[in-house]
Each structure stands twice: as structure tokens, then as C-alpha cells.
Amino acid sequence: MKTKPKIIISGGGTGGHVFPAIAIADAIKEKRPAADILFVGARGKLEMEKVPNAGYPIEGLWISGFHRTLTWRNLTFPVKLVGSLLKSARLIRRFRPDAAVGVGGYASGPLLAAATRMGVPALLQEQNSFPGITNKLLAGRAQRICVAYEGMEQFFPPEKLLITGNPVRTQFLTRAVDRAQAMAHFGLDPAKKTIFLFGGSLGAQRLNEAVAAQTELLAAQPEVQLLWQVGKLYHERYQNSEVAQLANVRLLSFVDRMDLAYALADLVICRAGALTISELSLLGKAALLVPSPNVAEDHQTKNARALVDKGAAAMVLDKDAAQDLLPRGIGLLNEETERRKMAEKIKEMARPEAAKDIAAEVLALIK
943 MKTKPKIIIS GGGTGGHVFP AIAIADAIKE KRPAADILFV GARGKLEMEK VPNAGYPIEG
1003 LWISGFHRTL TWRNLTFPVK LVGSLLKSAR LIRRFRPDAA VGVGGYASGP LLAAATRMGV
1063 PALLQEQNSF PGITNKLLAG RAQRICVAYE GMEQFFPPEK LLITGNPVRT QFLTRAVDRA
1123 QAMAHFGLDP AKKTIFLFGG SLGAQRLNEA VAAQTELLAA QPEVQLLWQV GKLYHERYQN
1183 SEVAQLANVR LLSFVDRMDL AYALADLVIC RAGALTISEL SLLGKAALLV PSPNVAEDHQ
1243 TKNARALVDK GAAAMVLDKD AAQDLLPRGI GLLNEETERR KMAEKIKEMA RPEAAKDIAA
1303 EVLALIK
């Protein structure tokens, strides 16, 4: 085994791709401190900020997704793809990686396609219960495919599959926090049952509309409090709204300590992204999931359904959120036995060693 392996990791676009990729890189460095790791992402996307902040170099490709609706932006896609394939080949010749890792997202396609054509052994990491098109197209070229859900044989060659779970951010593994500390951090009342609702760093319009639509319900529930991450896109719209002025509602643009927010929550209301579900599983949190309909192949609904079928979470459809979301959430707060069962079931799905297991598979590819 090489003491200084060279690994190239590609993918991103969203936190659901970026943070698992960083977790894998951290686990590789833990096993091989001298490892040389290079990231490849898409210009202008989240990874171009988050990866350098984590201490790793990154190269950007001029690449974006292909829109399924007719749009002029699709005219540039072939040019971007060819340019990204050529740049990927140059990066591989220069860096000479011993293994390549693809986590999904725009940049993963051209980089992994070029790497496998040039004889670099490859591992794919698929976060969702329904794989993205990039990983499905690359599956035949990869030596190993690490997944988080059972039943992925319908999408990938069975002999390549390994169920590892999804890597999570290290803060959820290393920081010991308690409910009292979390309540104090956000200025909330530790005597009240608490819902933590969020829709990602930018926010989720339907979730925010659902909160605003239930102002009277929240006002009539003083024994319940809501920590509401409204998101950067919606903060100005809602910060002075009637619901935000309620004594039992704490509105924030962004939550920088997600570990504390999870710690105080008796119930989490959120989207059903793979990274979020992995965090909920690791922490054993009862959750009411609202799958986003604006994702490829409706994969968030499939993620949520995989939990609901096991009694590990509850679900409200996006189209029903305005009417049903908070009534259902407050109802669950009053069903302690049901919440405890959900927390126990989702905890059974946790795989805290996911990053280490995937790192071991990456290193095993190197001759």
C-alpha cells in the first residue's frame, strides 16, 4: 500500500454532494496522512467555496446540468461538456491519481469519464435511494459503488455494490452537546416542546409558506416553540411577518450550529435530502419529512418513503404542506410514544463509520 497515495475526488453542486465528499477526504487523510487529494468541482458552485475552507485544493470545470425543458441554456451544454472532458484529461495527466472518487453532481461526469478511460480505478458514492443520472452512466466504468440504501441492484451491477451509508460532517461525530446548551444558544425556553424547521441554507419556499399559513395555530400553542431557519433568500420577506413576531417563534436566516439545533429539537421538519437523512439517523431524531418535488427523478420522495415504510419517519407531501404540515407536526409533538419509536427506527439505520468504510474501499483500489 502506498504511503502517499494520490486521490482525485469530483462532484458537488449541493451540500448533499459536497459535505460527504469532504468527509471521505478527511477519512482518507486519517488513514493515510500523507495522501495527496485534489478536488474537481463545477465553477460557481458550492464546492468552490466549501472545499478550500476545509483545507483541500480544488479545480473548477465549466459545466452545468442539461435542462429537460426547452431552454437556450441547453445550446451551451455540448461545448461545456467537451471542454470539461478535455480539462479533466489534462488534470489527470498532470496530477496522475492512483484512484478517482465520484460523489455525483455536474463535475463528476466528465472527470470520472476521463479518469476511467485513462485507466484510473474509480469508486462512486451514491447518496440517494434513486441514483442520479451521472452515477448511473458511470456505473459500468467504476470498480466499486458505495450506497446508502438497500435494493440498489436494480440500478447498479450487484457485484460492485457495498452498503456503507452516507458520510456525515464531523461536527455530528465529535461535538458533545446537550439540550440545555442548545436552548441557551438560541435563546429558547427549555421547558417547551420544540420543533426545528429548515429548508436548507437558502430556504424552502413551500415550508416557509406553510409556517406563515398557520400563524393562528402557533399563537394558540404557547407550550410549543418553533426554531425556524427561513433561509437567506426569504429572510427579508418573513423577518417582520406576523408569525415571526410570535413569542414562541424564533426566526433565523441561517443556523450555523446545526448540531445544537438538532439537539434541542423534539421534532425536526425538513426536506428529505440524503445528507439530512443521514444526520437524522446518526442522531436518532424524530422527523417529519417534506420531499422537494424539484429534484431529479423525484428522489427525495423515494428517500422519504424508504424511511416511512420502516416507521422511521413521517411524511407530508409538498403540495399538502400549507394545510397539513404544522398541524401534523404539533400532533406528533403530543404523540411521545410515536416519536420515540420513529427515533429508535431511524437510529437503527445510522452508519457512523460510513466515511471510514468508503475511505478504506478507495485505498483498496490502489495497486
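In this text, residue positions in the sequence shown follow the numbering used here: the first is 943, and each later residue adds one.
Backbone N, C-alpha and C fix where the C-beta goes; we use that ideal spot for every residue, glycine too.
The model shown is predicted, which means the values in this text are computed figures rather than measured ones.
Look at residue i and residue j and say whether their C-beta atoms are less than 7 Å apart.
i, j, result
"residue 1261", "residue 1287", "no"
"residue 1003", "residue 987", "no"
"residue 967", "residue 1045", "no"
"residue 1080", "residue 982", "no"
"residue 955", "residue 1082", "no"
"residue 1108", "residue 1220", "yes"
"residue 989", "residue 960", "yes"
"residue 1040", "residue 1272", "no"
"residue 1285", "residue 1228", "yes"
"residue 1320", "residue 1027", "Residue 1320 is absent from the structure shown; the chain starts at 943 and stops at 1309."
"residue 980", "residue 994", "no"
"residue 1263", "residue 1242", "no"
"residue 1333", "residue 1275", "As shown, the chain starts at 943 and ends at 1309. That puts residue 1333 outside it, with no answer to give."
"residue 1238", "residue 1093", "no"
"residue 1210", "residue 1138", "yes"
"residue 951", "residue 1024", "no"
"residue 1141", "residue 1149", "yes"
"residue 958", "residue 1216", "yes"
"residue 1005", "residue 1049", "yes"
"residue 1154", "residue 1267", "no"
"residue 1226", "residue 1289", "yes"
With a threshold of 6 Å on Cβ separation, who are the neighbours of residue i within its own chain once the five nearest residues in sequence on each side are excluded?
i, result
"residue 1051", "1076"
"residue 1292", "1223 and 1224"
"residue 965", "1109 and 1297"
"residue 1246", "1214, 1231, 1233 and 1257"
"residue 1147", "none"
Starting from the C-beta of residue i, find all residues in its chain whose C-beta is less than 8 Å away, skip the five residues before and the five after it, and write them out in chain order.
i, result
"residue 1298", "969, 972 and 973"
"residue 1123", "1202 and 1205"
"residue 1269", "1156 and 1159"
"residue 1208", "1135, 1136, 1137, 1228, 1275 and 1281"
"residue 996", "964, 967 and 968"
"residue 1058", "1042, 1064, 1080, 1083 and 1084"
What residue does the beta strand (DSSP E) around residue i start on, and which one ends it?
i, result
"residue 944", "Premise fails: residue 944 is in no beta strand (DSSP E) and is neither H nor E."
"residue 1271", "Careful: residue 1271 lies outside any beta strand (DSSP E), inside the alpha helix (DSSP H) at 1263–1275."
"residue 1138", "1135–1140"
"residue 1229", "1229–1231"
"residue 1086", "1086–1089"
"residue 1211", "1209–1212"
"residue 1104", "1103–1105"
Near residue i, what residues of its chain come up, given a Cβ to Cβ distance below 7 Å and the 5 sequence neighbours on each side ignored?
i, result
"residue 946", "976, 977 and 978"
"residue 1248", "1071 and 1091"
"residue 1078", "1097"
"residue 1199", "1127"
"residue 1183", "1154"
By the DSSP assignment, the alpha helix (DSSP H) with residue i in it spans what residues?
i, result
"residue 1218", "1216–1225"
"residue 1288", "1278–1290"
"residue 903", "With the chain represented from 943 up to 1309, any question about residue 903 goes unanswered, as that position is not in the structure."
"residue 1075", "1075–1080"
"residue 1308", "Note, residue 1308: premise wrong, no alpha helix (DSSP H); not H, not E."
"residue 1238", "Where residue 1238 is concerned, there is no enclosing alpha helix (DSSP H), given that its DSSP letter is neither H nor E."
"residue 1125", "1121–1128"
Point to revise | Secondary structure, beta strand (DSSP E): runs of 3+ residues fully inside the region 1035–1063 | key: 1041–1044
Point to revise | In chain order, each beta strand (DSSP E) run of at least 3 residues that lies wholly inside the region 1153–1206 | key: 1166–1171 and 1191–1194
Exercise for review: Check whether the region 1147–1167 touches the region 1186–1199, counting contact only when three or more Cβ pairs, one atom from each stretch, lie closer than 8 Å.
Suggested key: yes
Practice item. Could you name each continuous beta strand (DSSP E) segment of 3 residues or more that falls completely within the region 959–1009, going from the start of the chain to the end? Key: 978–984 and 1000–1003
Practice item. Kindly confirm or deny that the region 1119–1134 and the region 1192–1199 touch, where touching means at least three C-beta pairs closer than 8 Å. Key: yes
Check your understanding: With contact counted as at least three CB pairs below 8 Å, one residue from each stretch, are the region 1058–1071 and the region 1085–1103 in contact?
Key -> yes
Practice item. Determine, using beta-carbon pairs with one atom in the region 1174–1182 and one in the region 1094–1107, whether at least three such pairs fall under 8 Å. Key: no
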